[in-house]
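Numbering (the numbering used here), first residue to last: 9 to 626.
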């Protein structure tokens, strides 16, 4: 409290008299002293006045960013290791169950979260406190028209209320697959309602937020010999009063709308014209001669706007996003552009066995996102992507090559030597389908797979944020020599030459008015958290990794049996290593959560584990 003191100052005035002629008279004698003044009696303070009216409430302040802590409060270990042992995860509220696809055993694991604790488990690396009831899938289904489809691997699932949609490839992956619909009971057990035929290799399935449609990304991968290459496509299945339609609407890429309003339909009514226009928009093509645009575009993952009117579909190998209008089924394809590694720090070699970052001219990253999620800010839709990267690497065709095996231009050769030659920049894997602009056999620029980041894009496909080199720098600081380890063994730096940590899984969630992105790193493992409330000012919040790097194990994800002892593999320590290969991620809000706190559920493909993190504000 500040107090002001008023001080009174007295000013004395002197009066002077002036004579009108003659000598001045003598001074008179002093006058008598005046009487002393009387003392004033001090009275008591008066009574306080009445209190004034309360002032108006002040304006609420803006919510500030907050730190978050992630603790493992439950974990399920399937006992299966390697490919797809625990991949895509969802949540069924009415049974308080996490549901995870187990491609290794072709089933769905229904994991009970009832009674989930609010304190961290004692040892998260080997915890197996959660139990599962297996949900076995059929080997064949009958679809509309009495057509029988022999089923192969389970690829994806989605839950809306008590309705479960399961995407399964055909036994011959190049043939059309199917989406199986189940009704779920209070225990999470399913009853088959119907099966609907969709496109080839349905890689991802999701309900629209209003539950009126199911949208399916049909990747349409070729066989390894490129003898058969089905078209990539998107299937839409209408849901009426909780009942799926018998047939799906199939959308391919033979007819599409381009971003430029200057174009007329006749400007892209042939495949050659469509390809040229897409390439001008930075859409990447890499495939054998004769491959059509629809064959080359391979839908990977889907996010739906909150109003259920727009689907955003990643075309991973093509470094693009398809924007699908769900009201009229029109499709736009937008290339995502390039990441300039002269502006960010990149570790491009696995030979130095340490984190070592450099900015490199004429080296670019292809974003090539896998997972995608959507959220709103100021009434507009934004999408977030995990920029994993992917190459076409088949027996009959491969675009993947190391820099040391390319013929470089004179300028690029100087850069090559400056950055360590064959054991430095020469180790980086790039595409041979780009970089030789004048087609003289010499590469003037290098294009690497993935951007080692996550990005935020507006509803038109324009980037508004990228995490830059955060993932590399932060994991190097936290993990030290274990930086860029693979998920098949504890060996640091062995993914630096490839796609780094490979951001794979992504989702968003709101906690107390703030929106967060949660990103899983497929190779080194762990979860990044960013505050993305304002998409133009996203900030790093946390990184955690439930992996013990002190154990010794080795598996090969190219083998039919990743743990084949005869092939030199050893998986004995995998149960003690924690989580390997986060592939799928699901956010559960506090209002939906079995323990009353926000959660994320992670499906770890290689360790075959499903891990539940509780999120606490600090």
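Every residue gets a Cβ at the ideal spot worked out from N, C-alpha and C, and that includes glycine.
The Cβ atoms of residue 122 and residue 102 lie no closer than 8 Å to each other. Boundaries of the alpha helix (DSSP H) harbouring residue 480: 478 to 487, taken from the DSSP string. By the CB criterion at 8 Å, residue 216 and residue 383 fall outside the cutoff. Put simply, of 328, 224 and 249 the residue whose alpha carbon is nearest the alpha carbon of residue 218 is 249. The DSSP-derived three-state label of residue 271 is coil. DSSP places residue 359 outside both helix and strand once states are collapsed to three, so it counts as coil. Boundaries of the beta strand (DSSP E) harbouring residue 620: 617 to 625, taken from the DSSP string.
The stretch 445 to 454 and the stretch 504 to 520 do not touch, with fewer than three beta-carbon pairs separated by less than 8 Å. Judged by DSSP in its simplified three-state form, residue 101 adopts helix.
In this structure the stretch 197 to 216 does not lie against the stretch 288 to 295, because fewer than three pairs of beta carbons, one per stretch, are closer than 8 Å. Judged by DSSP secondary structure, residue 175 falls within the beta strand (DSSP E) whose first and last residues are 171 to 178. In the displayed model, residue 298 falls within coil according to three-state DSSP, outside both helix and strand. Taken through DSSP and simplified to helix, strand or coil, residue 431 comes out as helix.
Judged by DSSP secondary structure, residue 287 falls outside any beta strand (DSSP E) and instead within the alpha helix (DSSP H) spanning 279 to 288.
Pairing residue 509 with residue 591 gives a Cβ-Cβ distance that is not under 8 Å. The three-state secondary structure of residue 557, taken from DSSP, is coil. Setting aside the 5 residues that flank it on each side, residue 306 is surrounded in the same chain by 227, 228, 229, 240, 323, 324, 325 and 326, each with a C-beta closer than 8 Å to its C-beta; the list follows chain order. Here the C-alpha atom of residue 396 lies approximately 8 Å from the C-alpha atom of residue 461. In the same chain as residue 497, and ignoring 5 residues on each side of it, the C-beta atoms closer than 7 Å to its own belong to 561 and 562, in chain order.
For residue 77, the enclosing beta strand (DSSP E) has its first and last residue at 76 to 85.
Linking residue 286 to residue 372 through their CA atoms gives a straight-line distance of about 19 Å. Collapsing the DSSP output to three states places residue 473 in a strand. The beta carbon of residue 500 is closer than 7 Å to those of 361, 489, 490, 491, 492 and 493 in its chain, skipping five residues each way along the sequence. Residue 352 sits in coil when the DSSP states are folded into three classes, being neither helix nor strand.
Of the other Cβ atoms in all chains shown, fewer than 16 fall within 10 Å of the Cβ of residue 350; this residue is therefore exposed. When C-alpha distances from residue 495 are compared across 615, 417 and 506, the shortest belongs to 615. Contact check for residue 374 against residue 411 fails: the beta carbons are separated by 8 Å or more. Residue 232 carries a coil assignment under DSSP once its states are collapsed to helix, strand and coil.
Relative to residue 570, the option among 89, 387 and 552 whose CA is nearest is 89. Under the rule that a run must span 3 or more residues, the beta strand (DSSP E) segments found entirely inside the stretch 302 to 354 read 307 to 312, 318 to 323, 328 to 333, 339 to 343 and 346 to 348.
Assigned with DSSP and collapsed to three states, residue 563 falls in coil, not helix or strand. Exclusion of the five residues before and after residue 212 leaves 164, 225, 309 and 310 as the residues of its chain whose Cβ lies within less than 6 Å of its Cβ.
Minimum Cα-Cα distance from residue 593 among the listed residues 96, 84 and 91 corresponds to 96. One alpha carbon belongs to residue 577, the other to residue 564, and they sit about 7 Å apart.
Ranking 299, 154, 459 and 193 by CA distance to the CA of residue 479 puts 459 first. Looking at the DSSP output, residue 382 sits in a beta bridge with 391.
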